[in-house]
Every structure is written in C-alpha cells, then in structure tokens.
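Numbering (the working numbering), first residue to last: 9 to 444.
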C-alpha cells in the first residue's frame, strides 16, 4: 500500500499542475520559494514509472478475472465481437479474453461478489464499506434514483467492438426498442424494451450504468410485495424509478457499479457488503503506461536500481491487460508509438475504468483539463417526457434550470481552501490561491 501511495503521488507530481506550472508563479512560501516548481522536470515521469514498475515486479498482484461461462441455457458469457485484434477471441487472458467473462471479471470487484482477501487486484481497500447506494435504486426498491450520471459521461463507454460511441451508426444510437431480450453472464438481463443506444455496449457499461429499461432483480427482498423485484426500471416522468416530483433522476442514467444483482434497499431487503478499493492493480498498470508515455529519456532509480524508458512493447502489454479484461480489442504498436494518440487513449481509459472511484476529480486537475471539462453543461435525456412520449424522452437535454445541476469552474478550484480556523492556529500557513 505504501508503494502504491508513493507511485500515485509521483505521478501527480510529474503532471502539468505540479510540474513547471507557471500559472502559480506568485504562489510562494513566506521566503518567496514557489510552492509549485516553475521549471518542468522530465525526470519526474521516470520516477513515477519506476515506482509503478516496482509494484509490478513484485508479481504479487494481478487483475481480477472470472472464468468464461458456458451453459446449455444460452445465458453464459457473451460471445466476443469480431474486431481487428485477433488476440481478443483466440488467446487466453492476459494476452486475450478467450477464457474469461469480462462482465463478471469487472463487476465482481465492486458488487460484493468476491471477498477482498480472495481478490488479487486489491492493494489497499476499505472492507465492510457501508456504501449507501440507496440514491441509485428505484423507489420501489427503497431508493430514489437521484444519483444522476450526465449523458456526456455515459457516452464515453465504448461499443462492444471497441468503437467510440460517437462513431456508432445512427441506428445504433437510436431510441427505438431493440425488441428482443437477452441474458448473459447467467444473471444480467437486457430487456426487450431497451433502446438501441443501450445495446451492444462494452461490458463495463452494463457493470457501471443503470439506464432506462434496465433490469434490477433485487432478489434479496423477503417481503410480500409483487412489484419490488425483477423490475424493468424506467426514468420517464411516469416511470417506476421516481421517488417524488422533487426526488428523481435528472439525466435518465444512474450508477450500478456498486449494486449487486441481489441487492434490494427496501425495508424487507438486504444488500451485500461491499469493498471500496483505495488502490487496485489496474491503477498501477495505467499509471505505469501514462508515465512511460511522457518519457523522452531513460531513467534509473537511485534507490531500487530500476531502469525505465518509453518502452512501446510494455505500454501495449499492460494497457491491453485492461482492455482484454473488459472484453475490448487491444491497442496497436502504431497507436502506442504516437505520443498524442496514446495520451488521449490513456485519459479516456482512466475515465471508464475508474468510473465513480474518485479518480476523475483529481485527474482533471493534475492534467489541467478541468476548465474545459467542468465548464460544459450537464446533459441528459428528457426525463420530463412520459412513457407514451418515448422518442421525446431519448432526446438530449441540457440541465441548466437548477442550481445544483449547473457546472461552474474557477481556477481557485484546483485546490481546496484551508479553513480560517486552521490558518488562525498557524500563522506560517499560506492560503491556497483564490481563497483569500
């Protein structure tokens, strides 16, 4: 855990916010020394890469996977799509995904299906985490569905064959119902009423996102109600997810990442105990790849003797472990060889892989991407439309009518303020910029 903390902090230290950021030239200590280095030090990326490689070389951790499910009921692991990556369907993990169930491999980390002691991906975690996911659940299962995911975030999840959602066809982005249901990984149900835009998406989409006409089993319910389990949850104005005219989902999407298929938040229901990862091995792999991508020269760590460089083969290997575990095609040597392409791929992969794990907030700041992203309006589906107005429901809406839904960015938000109470106790402290 200490090694993981060091590696993360070295990655942050190497990032643009902390490495040669002249925006904070006037932010200094009492003696005039800048809090943030005014000259970029490329060796910081080497230090970060070496710290991550040190963890990899322990050979103690690995990405969690579950075996491929094959049964006669037609409810086993989804068949992997045809792509330009032959390894995806023909080679076993970690060189491909032929022998694993990508949905369960990812979902089980978060939904209480596996104990932390038996999960080789977890480095440091909060076990017996009392995760209050009531805000994701529909009202009839003891929730209020108010935890709303913006559509621009939802759209970052890829199609099953690895394409960006923005590159999908108009038919694939359609609001029309698919018309046929599907069950995979033994217990994940796609209803026939789901929109085509929610069909044929990558496994992490189904593991993470609750969408209109998403199936919520909630089978841990022990009461006598007939409409509390096996719900086809809808976010229409007259849908069954809405708690009241004040408590309801604003975007048509919620978070299912921490919801087990059995969970039911009703009084007569139960929820599996969850484990919240603080550090997991996926962060080590993506952190190592990011640090290597930024390197221009080799670096040798003075303490450990570890030497790192921008090794394209290793970048492909470790990045593709994340991709294959997710059932997606891997990247190519050509993509990894191009700095700008790889940088974009890394940022995108982190957003999906660490969705709702408290990474995005800090990533946007350390990359200094926050002003651009956080000034964009919150988008969602039109949840003011009723079930009979399905086409209207699936139109994009900008939520700017409520204060809580308005995104605001000021540069002082790069850092938290130090409370006045703390400043009063120590006159040597300097308030963070913009909070005076």
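Ideal Cβ placement from N, Cα and C applies to all residues, glycine included. Being a predicted model, the structure only gives us computed values, none of them experimental.
Selection from the options that minimises the alpha carbon distance to residue i
i	options	result
residue 320	405, 442, 344	344
residue 197	144, 298, 111, 183	111
residue 387	261, 74, 230, 214	261
residue 63	106, 85, 130, 307	130
residue 78	257, 102, 45, 106	106
residue 239	247, 245, 223	223
residue 167	324, 146, 89	89
residue 241	219, 375, 229	219
residue 162	259, 18, 324	259
residue 436	40, 339, 216	40
residue 384	407, 400, 391	407
residue 269	126, 113, 226, 424	226
residue 23	177, 124, 375	375
residue 179	157, 208, 165, 195	208
residue 164	362, 184, 440	362
residue 352	99, 31, 377	377
residue 124	333, 282, 141	282
Cβ shell of residue i (< 8 Å), same chain only, five flanking positions each side left out
i	result
residue 82	191
residue 317	300, 303, 305, 306, 307
residue 379	417, 419
residue 389	159, 220, 243, 259, 260, 261, 401, 402, 403, 404, 405
residue 150	142, 272, 273, 274, 275, 277
Per DSSP, cross-strand counterpart(s) of residue i
i	result
residue 75	108
residue 219	261
Assigned secondary structure, residue i (DSSP; H/G/I helix, E/B strand, else coil)
i	result
residue 42	strand
residue 308	strand
residue 209	strand
residue 52	helix
residue 339	coil
residue 19	helix
residue 59	helix
residue 316	strand
residue 24	coil
residue 262	strand
residue 287	strand
residue 31	helix
residue 85	coil
residue 163	coil
residue 323	helix
Near the ligand SAM: residue i beta-carbon under 7 Å from a heavy atom
i	result
residue 11	Questions concerning the ligand SAM fall outside what the structure shown contains, since it holds no ligand whatsoever.
Neighbourhood of residue i by C-beta distance below 6 Å, restricted to the same chain and skipping five residues each side
i	result
residue 202	186, 221
residue 442	420
residue 323	297, 300, 344
residue 364	263, 265
residue 183	203, 399, 402
residue 10	none
Close beta carbons around residue i, own chain, < 7 Å, minus the five adjacent residues each side
i	result
residue 286	132, 133, 134
residue 214	111, 196
residue 326	293, 296, 297
Item checked: Three-pair Cβ contact test at 8 Å for the region 249-258 versus the region 86-100 -> No: the two stretches stay apart, fewer than three of their Cβ pairs being nearer than 8 Å.
Next item on the list: May I ask you to verify whether the region 157-174 touches the region 283-299, counting CB pairs closer than 8 Å and requiring at least 3?
Entry: No, because fewer than three Cβ pairs between the region 157-174 and the region 283-299 fall closer than 8 Å, the two stretches do not touch.
Notebook entry, point to check: Is the region 266-276 close to the region 226-243, with three or more CB pairs under 8 Å?
Noted result: Counting Cβ pairs under 8 Å, three or more are found: they touch.
Note to self: Would you call the region 143-153 in contact with the region 368-387, where contact means no fewer than 3 C-beta pairs closer than 8 Å?
What the structure shows: Fewer than three pairs of CB atoms, one per stretch, sit closer than 8 Å, so the region 143-153 makes no contact with the region 368-387.
Item checked: Three or more C-beta pairs below 8 Å linking the region 11-27 and the region 52-66 -> Remark: three or more beta-carbon pairs, one from each stretch, lie closer than 8 Å, so the region 11-27 and the region 52-66 are flagged as touching.
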